[in-house]
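Accompanying notes for the structure given below.
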Amino acid sequence: MPSPTSKTREKKKTQQQQQQPQQQQQEQQQQQLLMTQISGVKKVSHGPSLAGGSVARFGVQTDREELLAKELEDLNKWGLNIFTVSECSSHRPLTCIMHAIFQERDLLKTFKIPVDTLVSYMMTLEDHYHSDVAYHNSLHAADVAQSTHILLSTPALDAVFTDLEILAAIFAAAIHDVDHPGVSNQFLINTNSELALMYNDESVLENHHLAVGFKLLQEDNCDIFQNLSKKQRQSLRKMVIDLVLATDMSKHMSLLADLKTMVLRNMVHCADLSNPTKSLELYRQWTDRIMDEFFHQGDRERERGMEISPMCDKHTASVEKSQVGFIDYIVHPLWETWADLVHPDAQDILDTLEDNRNWYQSMIPQSPSPPFYDQATDGHGGGGGGGGGGGGGGGGDKFQFELTLEEEEDGAERNGEGGEEEEEEEEDDSLGESSQPPPMDCPNGPECEEEEEEEEPPVAAAIEIVTQEPSPTDT
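Residues in the sequence shown are numbered from 1151 upward in steps of one, following the numbering used here.
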């Protein structure tokens, strides 16, 4: 007869055998849950309690408001005592600092962020930092956010970054270590952790911080980017991902190398676009040469029936306007950034660039004078491509180019070609005989002009920019 003890043992064994499949099933379900959900995200949203309600002066409830106000006077200073801020903000340093930064930079107004939504998100984010982790906690996140705010305010970077880029940088600083477990990437990889498996051993923690930070935006009243356009959200997300991934210490040396490479790349790029920063005499020669090259390309495109590339049509391109636009939109922003980097060493370069820009601006014809109508030809100066290097066909002390008169084209559209010819004849009668000789590359005189007019309907006025003392016929 079996003893009671034996019966009990057999019963327990049977129960354990029955429970094993259930436990295995639960473990499998838990693993599947880990693969479909972001671990570490807790249901601690503060959204419902703050929605539509009043928000404390500094974003957090505290009985030490005056002391906190005194500490936050150093918000725009390097070395703010974040430990004191934490003590005075009921240990909500991240919420407090981010609220202060967003107010200081007017980001709430710029991006239409409701203040209660900002506080709700920041408190939810701060709850996902582990208070039992000594270093990578919300105190560290607040310190990094405030330090980023100061670095963005460096005078050399003034007007370099857009408001969206500033928003992305500060947001990235706030979320960059959220849900940090207090161990390194290598530890997670070596222990075959779920996070390491999830992110294939590549920037494990950084990828996790990003996932949690963006996931929390989906909590109640936490979407601080709700009023951004789709394009803005996509751009911001891309920037934030890049910024947080860059905090992976294993990327430190390559990031440093990339920084040096970036400086060298920009240096060579500046050198490549340095013609407008040289003396006007040299700059004009380079301009002649590039326009010559452009016009030759335009001629080849015209011969092949192709669409003529911008600035390559010798009948419509304005050299002066092209150089002013080139400086305003390409050269000056590039060199201004370089000058900020090497301040004050490039100030003379910027001054020369500005002088050259103003010279070309002054040479843009406001309303062409009557004598220009007498030279309706496409063969003057720039007909071969802007006069070649060092000057036009008329000598080395000046260069010539063509400008199609938009007024004449508009007149042809309204009145027909016949009306345009009559208008030219009337102007010729009022001016008397032409005081200008035929173009130098038109050996047959007026007959050559008539032939070219038949081939090229747009009327081109040849404009000479003269470096010597102008004569009455030049003006």
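For each residue, glycine too, the CB sits at the ideal point set by N, CA and C.
Where does Asp1266 fall in DSSP's three states? helix
CB-CB length for Val1390 against Phe1321, believed under 8 Å: 6 Å
Tell me, to the nearest whole angstrom, how far the beta carbon of Leu1230 is from that of Gln1296; I am working on the premise that it is less than 8 Å. 6 Å
Would you report the Cα separation of Met1513 and Ile1477, rounded to the nearest angstrom? 15 Å
Does His1299 pass the burial test, meaning 16 or more other C-beta atoms within 10 Å, or should it be called exposed? buried
Alpha carbons only, please: which of Glu1223, Pro1243, Leu1225 and Asp1266 is nearest the one belonging to Val1205? Asp1266
Helix, strand or coil at Val1205 [DSSP, three-state]: coil
What do you get for Glu1160, buried or exposed, if any count of 16 or more other CB atoms within 10 angstroms of its CB means buried? exposed
Assuming Glu1344 and Ser1189 are in contact, meaning their beta carbons sit under 8 Å apart, how far apart are those beta carbons, in whole angstroms? 7 Å
Buried or exposed (CB count within 10 angstroms, at least 16 for buried), Gly1455: exposed
Identity of the residue in Lys1380, Trp1488, Cys1372 and Ile1480 nearest Asn1416 by Cα: Trp1488
In the DSSP assignment, find the unbroken alpha helix (DSSP H) run with Cys1462 in it and report its ends. First-last for Cys1462: undefined, no H or E at that position.
Do you know whose CA, among Asn1287, Ile1316, Ala1396 and Asn1342, lies nearest Leu1244's CA? Asn1287
Three-state class that DSSP yields for Glu1221 in the structure shown: helix
Where does the unbroken alpha helix (DSSP H) through Phe1252 begin, and where does it stop? Pro1243 to Glu1254
Cβ neighbour criterion (16 or more within 10 Å) applied to Arg1242: buried
Nearest to Glu1369 (by Cα), restricted to the options Asp1449, Glu1352, Leu1268 and Tyr1285: Leu1268
Could you check which residue in Leu1414, Met1399 and Lys1262 has the C-alpha nearest to that of Ser1670? Because the chain spans 1151 through 1625 in this model, residue 1670 falls outside it and cannot be assessed.
What is the residue span of the alpha helix (DSSP H) that Phe1445 lies within? Leu1430 to Glu1453
Just to confirm my understanding: we take Met1461, look at its own chain, exclude 5 residues before and 5 after, and list those with CB closer than 6 Å. What are they? Phe1444, Ala1467 and Ser1472
Compare the C-alpha of Glu1431 against each of Thr1212, Trp1509 and Arg1452 and name the closest. Trp1509
If Ser1239 and Thr1212 are in contact, beta carbons under 8 Å, what's the gap, nearest whole angstrom? 6 Å
Would you identify the three-state DSSP class for Asp1277, choosing helix, strand or coil? helix
Report the option in Asp1329, Asn1342, Leu1347 and Ile1263 whose CA atom is closest to the CA atom of Lys1365. Asp1329
What residue does the alpha helix (DSSP H) around His1482 start on, and which one ends it? His1482 to Leu1491
Between the Cα of His1465 and those of Pro1483, Met1412, Lys1388 and Asp1442, spot the shortest distance and give me the residue it belongs to. Asp1442
Taking its Cβ as the centre, do 16 or more other Cβ atoms sit within 10 Å of Glu1576, making it buried, or is it exposed? The pLDDT assigned to Glu1576 is 47, lower than 50, so where the model puts this residue is not dependable, and the model offers no usable value.
As a quick exercise: from His1359, Arg1450, Asp1408 and Ser1379, pick the residue whose alpha carbon is nearest that of Asp1327. His1359
Helix, strand or coil for Phe1509 per DSSP? Inspection of the sequence shows that residue 1509 is occupied by Trp rather than by Phe. The answer is helix: DSSP assigns Trp1509 an H, G or I state.
Tell me which residue opens and which closes the alpha helix (DSSP H) that Thr1234 is part of. Ile1232 to Cys1238
For Thr1139, count the other beta carbons within 10 Å of its own beta carbon; 16 or more makes it buried, fewer makes it exposed. Which is it? With the chain covering 1151 to 1625 only, the question about residue 1139 has no answer from this structure.
Check Arg1214 in the structure and name its three-state DSSP category. coil
Are Glu1372 and Ser1270 close, meaning C-beta to C-beta below 7 Å? Looking at the sequence provided, one finds Cys at residue 1372 rather than Glu. It is a contact, given that the beta carbons lie within the stated cut-off.
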